[in-house]
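So the protein lines, in turn, are chains A, B, C, D, E and F.
The letter at position 62 of the first sequence is residue 62 when you use the UniProt record's numbering, and the numbering goes up by one with no holes.
The letter at position 79 of the second sequence is residue 79 when you use the UniProt record's numbering, and the numbering goes up by one with no holes.
The letter at position 62 of the third sequence is residue 62 when you use the UniProt record's numbering, and the numbering goes up by one with no holes.
The letter at position 39 of the fourth sequence is residue 39 when you use the UniProt record's numbering, and the numbering goes up by one with no holes.
The letter at position 203 of the fifth sequence is residue 203 when you use the UniProt record's numbering, and the numbering goes up by one with no holes.
The letter at position 83 of the sixth sequence is residue 83 when you use the UniProt record's numbering, and the numbering goes up by one with no holes.
Virtual Cβ for every residue (Gly too), placed ideally from N, Cα, C.
All figures in this text were calculated on a predicted structure; none of them were measured in a lab.
Here the structure is laid out as structure tokens; the discussion comes afterwards.
Protein chains: 6
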Amino acid sequence: MEILVVNPNRVDGCTLLIHEAARAAAAPGTTVTTLAPRRGPAELTGHCEVLFSAVGVLELIAETPADAVVMAGFGEPGKEAAQELTAAPVLDITECGPLLARTLGARFTIVTSTAAAAPIVEDRLRTLRLDAACAGVLASGLGVPDLVDHREEAVTAVADTARRAATEVVVLGCGGMAGMAADVAAATGLVVVDGVSAAVKMAESLGALGLAPGLTPRPPVTGWPFTT
Amino acid sequence: MEILVVNPNRVDGCTLLIHEAARAAAAPGTTVTTLAPRRGPAELTGHCEVLFSAVGVLELIAETPADAVVMAGFGEPGKEAAQELTAAPVLDITECGPLLARTLGARFTIVTSTAAAAPIVEDRLRTLRLDAACAGVLASGLGVPDLVDHREEAVTAVADTARRAATEVVVLGCGGMAGMAADVAAATGLVVVDGVSAAVKMAESLGALGLAPGLTPRPPVTGWPFTT
Amino acid sequence: MEILVVNPNRVDGCTLLIHEAARAAAAPGTTVTTLAPRRGPAELTGHCEVLFSAVGVLELIAETPADAVVMAGFGEPGKEAAQELTAAPVLDITECGPLLARTLGARFTIVTSTAAAAPIVEDRLRTLRLDAACAGVLASGLGVPDLVDHREEAVTAVADTARRAATEVVVLGCGGMAGMAADVAAATGLVVVDGVSAAVKMAESLGALGLAPGLTPRPPVTGWPFTT
Amino acid sequence: MEILVVNPNRVDGCTLLIHEAARAAAAPGTTVTTLAPRRGPAELTGHCEVLFSAVGVLELIAETPADAVVMAGFGEPGKEAAQELTAAPVLDITECGPLLARTLGARFTIVTSTAAAAPIVEDRLRTLRLDAACAGVLASGLGVPDLVDHREEAVTAVADTARRAATEVVVLGCGGMAGMAADVAAATGLVVVDGVSAAVKMAESLGALGLAPGLTPRPPVTGWPFTT
Amino acid sequence: MEILVVNPNRVDGCTLLIHEAARAAAAPGTTVTTLAPRRGPAELTGHCEVLFSAVGVLELIAETPADAVVMAGFGEPGKEAAQELTAAPVLDITECGPLLARTLGARFTIVTSTAAAAPIVEDRLRTLRLDAACAGVLASGLGVPDLVDHREEAVTAVADTARRAATEVVVLGCGGMAGMAADVAAATGLVVVDGVSAAVKMAESLGALGLAPGLTPRPPVTGWPFTT
Amino acid sequence: MEILVVNPNRVDGCTLLIHEAARAAAAPGTTVTTLAPRRGPAELTGHCEVLFSAVGVLELIAETPADAVVMAGFGEPGKEAAQELTAAPVLDITECGPLLARTLGARFTIVTSTAAAAPIVEDRLRTLRLDAACAGVLASGLGVPDLVDHREEAVTAVADTARRAATEVVVLGCGGMAGMAADVAAATGLVVVDGVSAAVKMAESLGALGLAPGLTPRPPVTGWPFTT
């Protein structure tokens, strides 16, 4: 099966890390293509950028055939919109990390990037109706560039944050933490779930079972904001 | 004070109705400018359009000086992003309708447009933490064009839907219903709150009290998706 | 319009502060009358006094014509009863402070008077279905006389308490704090909402929009406990 | 032990029925005194009357020595205030009915008097944090006089209402239904819990175990609203 | 009436303490028989032992006639199953402690045995729909043998833990704490409720009122796991 | 990898159906062994049988080496206990069905077997903190023998029940419905998730990612109830 993974930011190092984590998680017959939007902000430093990036993410999803789509931003909106553009199931790492973590413990803690991201993640979990199982959202204090460019320090900071969790299971709450799960687990002794890997496996699971969302018929999507 | 009201769709009749409702609600010293996005979808027929329209809405808010901003889409995202673009308070009718209604009864019912809009509204209320006071979201079955172009039938349909509410207080859950509150109240005997009017009054209230959201310092917004 | 503001306690200094805050918030055409009960306890030091004061508050509301009524006790009962006595909308500062605060941030913190008042406020918010948006109720440790008679120290104590809030928006949770919002905001850099001012503006908003609660027909109120 | 039972209304027939139900539930060594307020409304037809009656109820409790107090109004306020007036435990039938019912099934349904009473009961359960176990509040349509004066028809109406419950356990949600549990159970085959009986047994239980609420020290209660 | 009390573990000292607490709580006409399972684990050190012990507990309940059954394990499953084996009401101390405590304060804190037991108790309270009134579950760090064999130290440790509660009312959350309520109350000044005593009184209450769960007809129970 | 699937009942036809569904879902390199308990009830007709069956299920899990364990009873307890007996992850179809379904829609409906099973499933979802996303539990009215022996009628009945769902996504809420998803989906046009298949894929996902629950060290399990 072909999985399209979309990194909502345009930090090349981040796209690469996400791609590697996705490929490492993928089964033999699975092809992974990881893309970043052609348009939109380089980094998602606020609510505006998060919204803008969604347009580029949707553009990619609309034009790239795939058997499943993984949205690799944690806490970002757009899954419901993306699902209108493709018959393939769209999986959001904000869902898949917590959902897979839930099989490993009754409650989990999310370690996210910056303090500003934490309430965004909390609000998104509330909308997704996954808040009851979340014991807390902790910020590591690191943005995507720090997570990507200073890998060793980043692992240390994420592990230090994870140790403050009241649960045994921790979800990595940022695409820039992709590929870091094993190191954080080794450093802390905790069970560490990476959302990108989880989403790839759940995409494969849906594919193997022939499951896809019901396609509510809708008129063609119009009004892309970059056209005039 | 100058209030900028933004209609997220580009249906001229809808912008006009919203403008009239806002102006009718405004106090003597208040100027109301009502705009629709220069780019984006004509109608918000799905999640994609809702997201696309937010870009144009944000563009308007960034370039139009105002003392307060009213976002006149019910259930649409973007308030948090808009607040990054202006020091003026940004008020969302999805909040203001229910908040003002809450002073008139312990619980309220929302009458929204199409059946497809109902779960979007429910999810947004959950994120806004206003779901506990909402006794239900009922769909009138009418989209924005129907609400705008066939006004008399629309009032009848909205009133018929409102009569199914289990509460005495009803919130009009669509910008296209702006200006319809008195007619629906007269037809049903219920207390009917229009979100646009409520938002204008709450904008004036904040202005009079000198209240505005705390401005978390942030770097300039970049990555508008219509630039390259 | 004429707004009747009722202070549930009989501390003259408190009535005066509430009156000044209400007048300061009122629009040009609005007249504010602020009264304290003719009977009942001087201070609301416990649940009994809170209940007793409600009788005097209701007596005032029944005999004083007004276009809107503001109940200026935070956490006190009686709004539903008061609404039976007048066709004018009755606004409780326990509702209006949080409701207006909600437009300024997803969550707010309440700074209340004594430690004994905090669980009363928490319980009342639960009944009002506003608990989900409340990030906490913090006690300043000051009762009404302290708040009224030692104003400077009171502002300092309330500001110190407000700094412990986990949210940017703070609601002043005691009528005795009326008029203190700007000072606390200046001292802390937080967004500070005063319930009395909020209620006055929401009363004016309802008036301007022609909104009032539905009048469920009921037999004349009997059994005032001071008659025999 | 001596139990003081207080009927919040002043319908003699109702006081008598409550007294008989309490006495029938009482253990051999228990004395039951059932009183109605000397002042206040005859019937609790609205929120005002409910509040007024609380003053007379508190007056009785303050002046009548007892080992335990049972407040026999369903959904009425005042328990917290009453507890300030006596070192004896104060039990509210609104709590005791549901609490005892909870041992007989995971969820229960409340059958209350009039449609107007139902939301009052729902709100009170929410404040008491007993709402999660309540599957619904159904109104029989009968006020206290109907429940008291037309006993046979009342049993039929309450039984008919109880049959609509989705649970096996039903709580009688009005003091005027005291003594009716066995008849309703016989008519419906359901498990029917009467709050007055439940409260008497819980009062005896607390007495036997030497349990009473912690007495938070407080200044003398002042401000009775019937004094000047 | 005859009450069968079942201790889920097989620690003789624990059975004895439970028996003494139950007998001390029982009214004159009540006979108390306290038994431990004939089969199953000596101590309930984990989820497996908790489940295994339930089989022996059910065996006892099936073969021992009684007018009421008290299950004296805190947080253990099996009440619903036990109720299938007898027409007598089955009371679980996990319910009865919190339910009686609820009459003494709006919220209560549970002091349980080991840290491992705390999440089990939290989950069970959630299933029982009693979590909203629980302000927290605190672990004393003592298992049943410590609680039983080193009584004085145990009282000290439980009292020390209880002092950390944010509420005035504390529920002893382990059968091994039976009989300790008065000492912990004396040491802390808190209101301390013992679940075994509470369950005995609630069993007597149900008996006196002629209340028992509705008997859903079911085929004979088969498949006892110790038969082949 | 080797997956041990355990059917909690001892209906051979049911074990076979579960095995076939598990095998059909399994990836090429996965071996599936499906077993039913050697001891315990044939059918799970009540709470007692559910508890008894858990002992036999645990016995199987303790003695059968596997890389992952799937518990194929919907609403049955025992997962936490099973996880104490093996270092391999234990997956409960009650979790896995809803968790995978959650990626396909914001909310799902569960179609379960008998009316008696519905509240058991509701309670279990509450404990698992998955209740917020569940729009309802509907009973098909069919027990395991009916589901197994009269397959065609069973599919019709399950499909008829599923059509009453208010959501597009339906979870088959009984092990006896294993293998029925495609037929019910074809008959209804809904998205139908089978818990057994979901659990197999999630087991494979955890295996591929090297994830397993943290092993809290514990003493050897003792007290199996079939030993003396």
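Distance from the CA atom of Ala-68 of chain F to the CA atom of Ala-199 of chain F, rounded to whole angstroms, is 10 Å.
Along the region 24-108 of chain B, the alpha helix (DSSP H) occurs as fully enclosed runs of 4 or more residues at 47-63, 79-85, 93-102, listed in sequence order. Using a CB distance cut-off of 7 Å, Lys-201 of chain F counts as an interface residue toward chain A. Between the beta-carbon of Pro-65 of chain E and that of Pro-37 of chain E there is about 17 Å, and that puts the pair past the 8 Å contact cut. Put simply, the region 8-19 of chain D does not touch the region 205-214 of chain D. Fewer than three CB pairs are less than 8 Å apart. Sorting B:Leu-100, B:Glu-84, B:Ala-81, B:Leu-85 by C-alpha distance to the C-alpha of Val-90 of chain C places B:Leu-100 at the top.
Contact annotation, Ala-87 of chain F with Ala-118 of chain F: C-beta distance approximately 35 Å; criterion of less than 8 Å not satisfied. If you draw a 10 Å sphere on the C-beta of Arg-129 of chain A, you find 16 or more other C-beta atoms in it, and that means buried. Cβ neighbours of Ala-26 of chain E within its own chain (closer than 8 Å, five residues either side excluded): Ile-3, Val-32, Val-200, Glu-204.
Runs of alpha helix (DSSP H) with 4 or more residues, each lying fully within the region 165-207 of chain A, are found at 181-188, listed in chain order. Counting of Cβ neighbours within 10 angstroms places Thr-45 of chain E among the buried residues, the total reaching 16 or more. Shown here, Thr-222 of chain B sits in coil according to DSSP, grouped into three states, outside any helix or strand. In the DSSP assignment, Leu-147 of chain F falls within the unbroken alpha helix (DSSP H) covering 144-149. Residues of the region 40-65 of chain C that bring their beta carbon within less than 8 Å of a beta carbon in chain D comprise Gly-40, Pro-41, Ala-42, Thr-45, Gly-46, His-47, Cys-48, Glu-49, Val-50, Leu-51, Phe-52, Ser-53, Ala-54, Val-55, Gly-56, Leu-58, in sequence order. Collapsing the DSSP output to three states places Val-121 of chain A in a helix.
Around the Cβ of Arg-218 of chain D, a 10 Å sphere holds fewer than 16 other Cβ atoms; the residue is exposed. Residues Leu-138 of the same chain have their beta carbon placed closer than 7 Å to that of Arg-164 of chain F, with the five preceding and five following residues left out of the count.
A check of alpha carbon separations from Ala-166 of chain A across A:Leu-190, A:Ala-116, A:Ile-61 identifies A:Leu-190 as the nearest. Here Glu-122 of chain A has Val-137 as same chain residues with Cβ atoms under 6 Å from its own Cβ, once five neighbours each way along the sequence are excluded. Note on geometry: alpha-carbon atoms of Val-158 of chain E and Val-184 of chain E lie some 7 Å from one another. Using a Cβ distance threshold of 7 Å, Val-155 of chain B and Met-180 of chain B count as a contacting pair.
Taking the beta carbon of Leu-190 of chain E as reference, the chain D residues within 8 Å of it are Gly-214, listed in sequence order.
For Gly-136 of chain B, the enclosing beta strand (DSSP E) starts and ends at 134-139. By the 16-neighbour rule on beta-carbons within 10 angstroms, His-150 of chain A is exposed. Using a CB distance cut-off of 7 Å, Ser-205 of chain D counts as an interface residue toward chain E. Membership of Val-6 of chain E in the beta strand (DSSP E) is indicated by the continuous run 2-6.
If you draw a 10 Å sphere on the C-beta of Pro-98 of chain A, you find 16 or more other C-beta atoms in it, and that means buried. Gly-40 of chain A and Ala-54 of chain A have their C-alpha atoms roughly 8 Å apart. For Asp-123 of chain E, the chain F residues whose C-beta falls within less than 7 Å of its own C-beta are Thr-127, listed in chain order. Residue environment: Gly-223 of chain C is assigned as buried (16 or more neighbouring CB atoms within 10 Å of its CB, all protein chains considered).
Near chain A, meaning a CB-to-CB distance below 7 Å, the residues of the region 73-96 of chain B are Pro-77, Gly-78, Glu-80, Ala-81, Glu-84, Leu-85.
With a contact defined as Cβ atoms closer than 8 Å, Ile-61 of chain A and Ala-82 of chain A qualify at about 5 Å.
In this structure, the alpha-carbon of Gly-141 of chain B lies about 6 Å from that of Ala-115 of chain B. Taking C-beta atoms under 8 Å as the contact rule, Thr-112 of chain F and Cys-48 of chain F fail to qualify, at a distance of about 19 Å. Using a Cβ-Cβ cut-off of 7 Å, Pro-225 of chain B counts as an interface residue toward chain A, since at least one Cβ of chain A sits closer than that to its own.
Among the residues facing chain E, Pro-219 of chain F is included, as its CB has a counterpart in that chain under 7 Å away.
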